[in-house]
Amino acid sequence: MMYVREKPWHGLGTMVEEAPTSADALRLAGLDWTVESKPVFTAEGIEIPGYKANTRDKDGKVMGIVSNRYSIVQNKEAFEFTDSLIGEGVTYETAGSLKGGKQIWLLGRMPQAKILGDDVEPYICFTNTHDGNGAVRACMTPIRVLCNNTLNMALSGAQRSWSTPHKGNVTARLEEARKTLELA
(Lines of atoms letter the chains of each structure in order from A and count residues from 1; the text may use other names and numbers.)
(Lines give C-alpha, C1' and ligand atoms only; values in the text may rest on other atoms or scores of the structure.)
Protein backbone atom coordinates (compact mmCIF):
# COMPACT_ATOMS: atom_id res chain seq x y z
CA MET A 1 0.00 0.00 0.00
CA MET A 2 0.92 3.66 -0.19
CA TYR A 3 -0.29 6.40 2.10
CA VAL A 4 0.08 10.14 2.48
CA ARG A 5 1.54 11.70 5.65
CA GLU A 6 -0.25 9.75 8.40
CA LYS A 7 1.30 6.33 9.07
CA PRO A 8 -1.31 3.54 9.38
CA TRP A 9 -1.60 1.69 12.67
CA HIS A 10 -0.14 -1.46 11.04
CA GLY A 11 3.00 0.39 9.91
CA LEU A 12 2.99 -1.19 6.43
CA GLY A 13 3.36 0.51 3.07
CA THR A 14 5.18 3.39 1.45
CA MET A 15 4.76 6.87 2.93
CA VAL A 16 4.79 9.95 0.73
CA GLU A 17 4.60 13.57 1.87
CA GLU A 18 2.42 14.85 -0.96
CA ALA A 19 -0.49 13.16 -2.64
CA PRO A 20 0.83 11.46 -5.78
CA THR A 21 -0.76 11.26 -9.19
CA SER A 22 -2.75 8.11 -9.88
CA ALA A 23 0.20 6.72 -11.89
CA ASP A 24 2.50 7.35 -8.90
CA ALA A 25 -0.04 5.83 -6.50
CA LEU A 26 -0.23 2.73 -8.69
CA ARG A 27 3.56 2.31 -8.63
CA LEU A 28 4.05 3.21 -4.94
CA ALA A 29 1.30 0.82 -3.85
CA GLY A 30 2.83 -2.02 -5.89
CA LEU A 31 -0.20 -2.20 -8.17
CA ASP A 32 1.64 -1.59 -11.44
CA TRP A 33 0.85 -5.02 -12.87
CA THR A 34 -1.85 -6.36 -15.16
CA VAL A 35 -4.22 -9.31 -15.04
CA GLU A 36 -4.09 -11.83 -17.86
CA SER A 37 -6.70 -14.43 -18.72
CA LYS A 38 -5.38 -17.98 -19.23
CA PRO A 39 -7.16 -21.25 -20.04
CA VAL A 40 -7.70 -23.75 -17.19
CA PHE A 41 -6.71 -27.41 -17.58
CA THR A 42 -7.31 -30.64 -15.66
CA ALA A 43 -4.35 -32.58 -14.26
CA GLU A 44 -4.54 -34.69 -17.42
CA GLY A 45 -4.07 -31.62 -19.62
CA ILE A 46 -7.66 -31.31 -20.84
CA GLU A 47 -8.91 -27.72 -21.10
CA ILE A 48 -11.92 -26.97 -18.89
CA PRO A 49 -14.50 -25.18 -21.08
CA GLY A 50 -16.25 -22.09 -19.77
CA TYR A 51 -13.52 -21.12 -17.27
CA LYS A 52 -10.29 -19.18 -17.22
CA ALA A 53 -7.64 -18.24 -14.69
CA ASN A 54 -6.94 -14.59 -13.91
CA THR A 55 -3.17 -14.37 -13.44
CA ARG A 56 -0.83 -11.53 -12.51
CA ASP A 57 1.62 -10.79 -15.34
CA LYS A 58 4.60 -10.03 -13.06
CA ASP A 59 4.77 -13.43 -11.37
CA GLY A 60 2.06 -15.65 -12.89
CA LYS A 61 0.18 -15.87 -9.58
CA VAL A 62 -3.40 -17.09 -10.05
CA MET A 63 -5.76 -14.45 -8.67
CA GLY A 64 -8.90 -16.50 -9.26
CA ILE A 65 -10.76 -18.94 -11.49
CA VAL A 66 -13.61 -17.16 -13.27
CA SER A 67 -16.19 -17.91 -15.95
CA ASN A 68 -15.70 -16.88 -19.56
CA ARG A 69 -18.24 -14.09 -18.97
CA TYR A 70 -15.88 -12.31 -16.53
CA SER A 71 -14.55 -8.96 -17.84
CA ILE A 72 -11.18 -7.82 -16.46
CA VAL A 73 -10.81 -4.24 -15.21
CA GLN A 74 -7.08 -3.55 -14.97
CA ASN A 75 -5.64 -1.59 -12.04
CA LYS A 76 -4.51 1.14 -14.45
CA GLU A 77 -8.04 1.40 -15.90
CA ALA A 78 -9.49 1.60 -12.39
CA PHE A 79 -7.16 4.45 -11.44
CA GLU A 80 -7.83 6.27 -14.74
CA PHE A 81 -11.56 5.97 -14.01
CA THR A 82 -10.99 7.55 -10.61
CA ASP A 83 -8.93 10.35 -12.22
CA SER A 84 -11.84 11.24 -14.49
CA LEU A 85 -14.29 11.03 -11.62
CA ILE A 86 -12.73 12.97 -8.79
CA GLY A 87 -11.81 16.22 -10.52
CA GLU A 88 -10.02 19.26 -9.16
CA GLY A 89 -9.29 19.65 -5.46
CA VAL A 90 -9.17 15.91 -4.80
CA THR A 91 -5.93 14.23 -3.78
CA TYR A 92 -4.95 10.58 -3.48
CA GLU A 93 -4.72 9.50 0.14
CA THR A 94 -4.16 5.72 0.18
CA ALA A 95 -4.02 2.83 -2.27
CA GLY A 96 -3.23 -0.81 -1.85
CA SER A 97 -4.09 -4.44 -2.28
CA LEU A 98 -5.56 -7.15 -0.09
CA LYS A 99 -5.60 -10.93 -0.27
CA GLY A 100 -2.39 -11.14 -2.28
CA GLY A 101 -3.61 -8.65 -4.90
CA LYS A 102 -7.03 -10.22 -5.41
CA GLN A 103 -8.64 -6.98 -4.24
CA ILE A 104 -7.32 -3.45 -4.76
CA TRP A 105 -8.47 -0.03 -3.54
CA LEU A 106 -7.76 3.63 -4.19
CA LEU A 107 -8.89 6.38 -1.82
CA GLY A 108 -9.20 10.01 -2.91
CA ARG A 109 -9.64 12.80 -0.36
CA MET A 110 -12.22 15.36 -1.37
CA PRO A 111 -12.05 19.01 -0.30
CA GLN A 112 -12.98 19.47 3.37
CA ALA A 113 -16.64 20.22 4.05
CA LYS A 114 -18.69 21.50 6.98
CA ILE A 115 -21.62 19.37 8.09
CA LEU A 116 -23.69 20.73 10.98
CA GLY A 117 -20.74 22.92 11.99
CA ASP A 118 -18.18 20.07 12.04
CA ASP A 119 -15.25 19.80 9.65
CA VAL A 120 -15.55 16.57 7.66
CA GLU A 121 -12.95 15.08 5.32
CA PRO A 122 -14.97 13.16 2.75
CA TYR A 123 -13.32 10.47 0.65
CA ILE A 124 -14.17 8.61 -2.51
CA CYS A 125 -13.18 4.96 -2.38
CA PHE A 126 -12.78 2.77 -5.45
CA THR A 127 -12.27 -0.97 -5.14
CA ASN A 128 -11.91 -3.77 -7.65
CA THR A 129 -11.46 -7.53 -7.42
CA HIS A 130 -9.59 -9.90 -9.70
CA ASP A 131 -10.70 -13.23 -8.19
CA GLY A 132 -14.34 -13.35 -9.30
CA ASN A 133 -15.67 -12.83 -5.76
CA GLY A 134 -16.61 -9.17 -5.98
CA ALA A 135 -17.62 -6.27 -8.15
CA VAL A 136 -16.16 -2.97 -9.26
CA ARG A 137 -17.31 -0.53 -6.56
CA ALA A 138 -17.07 3.18 -5.77
CA CYS A 139 -18.49 4.99 -2.76
CA MET A 140 -18.41 8.23 -0.84
CA THR A 141 -17.18 7.70 2.73
CA PRO A 142 -15.75 9.58 5.75
CA ILE A 143 -13.48 6.58 6.50
CA ARG A 144 -9.76 6.62 5.64
CA VAL A 145 -9.18 3.15 4.17
CA LEU A 146 -5.98 1.48 5.39
CA CYS A 147 -6.79 -2.22 5.63
CA ASN A 148 -9.48 -4.82 5.01
CA ASN A 149 -11.47 -3.76 8.10
CA THR A 150 -11.60 -0.08 7.16
CA LEU A 151 -12.42 -0.97 3.54
CA ASN A 152 -15.34 -3.13 4.69
CA MET A 153 -16.53 -0.33 7.00
CA ALA A 154 -16.35 2.23 4.18
CA LEU A 155 -18.25 0.02 1.74
CA SER A 156 -20.92 -1.21 4.15
CA GLY A 157 -21.61 2.21 5.68
CA ALA A 158 -21.66 4.23 2.46
CA GLN A 159 -24.83 6.19 1.82
CA ARG A 160 -23.79 6.90 -1.77
CA SER A 161 -22.27 4.04 -3.70
CA TRP A 162 -22.20 2.34 -7.06
CA SER A 163 -21.16 -1.15 -8.15
CA THR A 164 -21.21 -3.37 -11.20
CA PRO A 165 -20.35 -7.02 -11.74
CA HIS A 166 -17.42 -8.03 -13.95
CA LYS A 167 -19.72 -9.05 -16.82
CA GLY A 168 -20.52 -7.56 -20.20
CA ASN A 169 -19.41 -4.04 -21.14
CA VAL A 170 -17.91 -2.85 -17.85
CA THR A 171 -16.39 0.22 -19.54
CA ALA A 172 -19.84 1.60 -20.44
CA ARG A 173 -21.03 1.03 -16.88
CA LEU A 174 -17.94 2.84 -15.52
CA GLU A 175 -19.05 5.89 -17.52
CA GLU A 176 -22.52 5.55 -15.99
CA ALA A 177 -20.89 5.39 -12.54
CA ARG A 178 -18.87 8.53 -13.20
CA LYS A 179 -22.05 10.44 -14.01
CA THR A 180 -23.92 9.02 -10.99
CA LEU A 181 -21.11 9.76 -8.53
CA GLU A 182 -20.59 13.26 -9.92
CA LEU A 183 -24.18 13.98 -8.91
CA ALA A 184 -23.48 12.60 -5.43
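Residue numbers (my numbering): 234 to 417.
Even glycine gets a Cβ: it sits at the ideal position worked out from N, Cα and C.
As the structure is a prediction and not an experimental result, all values here were calculated from the model.
So, with DSSP's three-state summary, where would you put residue i?
i	result
Q300	The amino acid at residue 300 is misidentified as Gln; the sequence shows Ser. Residue state, collapsed to three classes: strand.
E310	helix
M386	helix
R289	strand
D265	coil
K400	strand
R393	strand
T362	strand
T315	helix
Is residue j closer than 8 Å to residue i when the C-beta atoms are compared?
i	j	result
K271	G297	no
P253	L379	no
A387	G329	no
N308	V299	no
I357	G341	yes
M234	G244	no
D316	S396	no
F359	A346	no
Can you name the start and end residues of the alpha helix (DSSP H) that residue i belongs to?
i	result
A368	First-last for A368: undefined, no H or E at that position.
Assuming residue i is part of the beta strand (DSSP E), what are its boundary residues?
i	result
K235	In the sequence as displayed, the identity of residue 235 is Met instead of Lys. Where M235 is concerned, the enclosing beta strand (DSSP E) stretches over M235 to V237.
D352	D351 to V353
L331	T324 to L331
L339	Q336 to R342
A346	A346 to I348
T247	T247 to V249
Out of the options, state which residue places its alpha-carbon closest to the alpha-carbon of residue i.
i	options	result
T327	R377, V369 and V353	R377
T374	W395, T267, M234 and P355	P355
T362	E250, G401, Y303 and G283	Y303
I337	L349, K347, I348 and E310	E310
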